[in-house]
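Below is one structure, written out as structure tokens, with a few remarks after it.
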Amino acid sequence: MLITKNNIDYIKTVQKVKHFFEEFQQLRYVSGLTLKPQLSSDGFLEEPVFPVRDDEKIMSEARLVKEYTKVLNQMDKLYRNILVSCYIERKKNVAVMLELPYEIAQFKRIKKRAVLALATEMGIVVRKNN
């Protein structure tokens with residue numbers, strides 16, 4: 059079945075996106091990085107540089123961190139900025155909106171598109187049960 063805006067459970071999809079960012083931060087920590095990735099001056103997440111270790115489990119988690127970072131860096135800059143601000147820095151919507159040149163209704167539409175873009179890319183979109 060094709061995914062359309064009418065058959066997406068947006069609230070559950072947001073929960074999955076929140077979980078994605080929690081997992082991303084946990085993987086960063088376990089692989090030897092700081093919890094919060096930083097945005098560089100050009101708006102991209104900084105490429106992770108891992109400490110040298112021989113532990114296979116840590117190496118597999120480091121690969122996931124690199125892959126997740128790559129996915130986030132391929133997103134639209136505005137989407138990436140909103141997602142990082144909301145789900146990693148845990149800023150309130152109003153605080154993020156004030157940093158951007160958008161009114162609340164515009165911001166909410168853009169945030170929804172950002173959430174759905176990431177969820178689609180990661181395969182974590184939740185469909186409604188009809």
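Residue numbering for the sequence shown follows the numbering used here, starting at 59 and increasing by one per position.
All C-beta atoms in this analysis are idealised placements derived from N, C-alpha and C, irrespective of residue type, glycine included.
Beta-carbon separation (whole angstroms), Ile140 vs Gln83, contact threshold 8 angstroms: With a Cβ gap of about 17 angstroms, Ile140 and Gln83 do not count as contacting.
Under the three-state DSSP convention, the category Ile66 falls into: strand
Cβ neighbours of Gly101 in the same chain (closer than 8 angstroms, five flanking residues each side left out): Lys135, Arg138 and Asn139
Minimum length 4: unbroken alpha helix (DSSP H) runs contained in the region 121-178: 135-141 and 151-157
Cys144 versus Lys94, Thr127, Glu114 and Val88, residue with shortest Cα-Cα distance: Lys94
Test item: CB-CB of Phe78 and Leu176 under 9 angstroms: yes
Counted within 10 angstroms of its Cβ, other Cβ atoms place Thr71 as buried (16 or more) or exposed: buried
Rounded C-alpha distance that separates Tyr160 from Asn64: 25 angstroms
Per-residue burial, Ala172 [other beta carbons within 10 Å of its own, 16 or more giving buried]: buried
Three-state secondary structure (DSSP) of Leu93: coil
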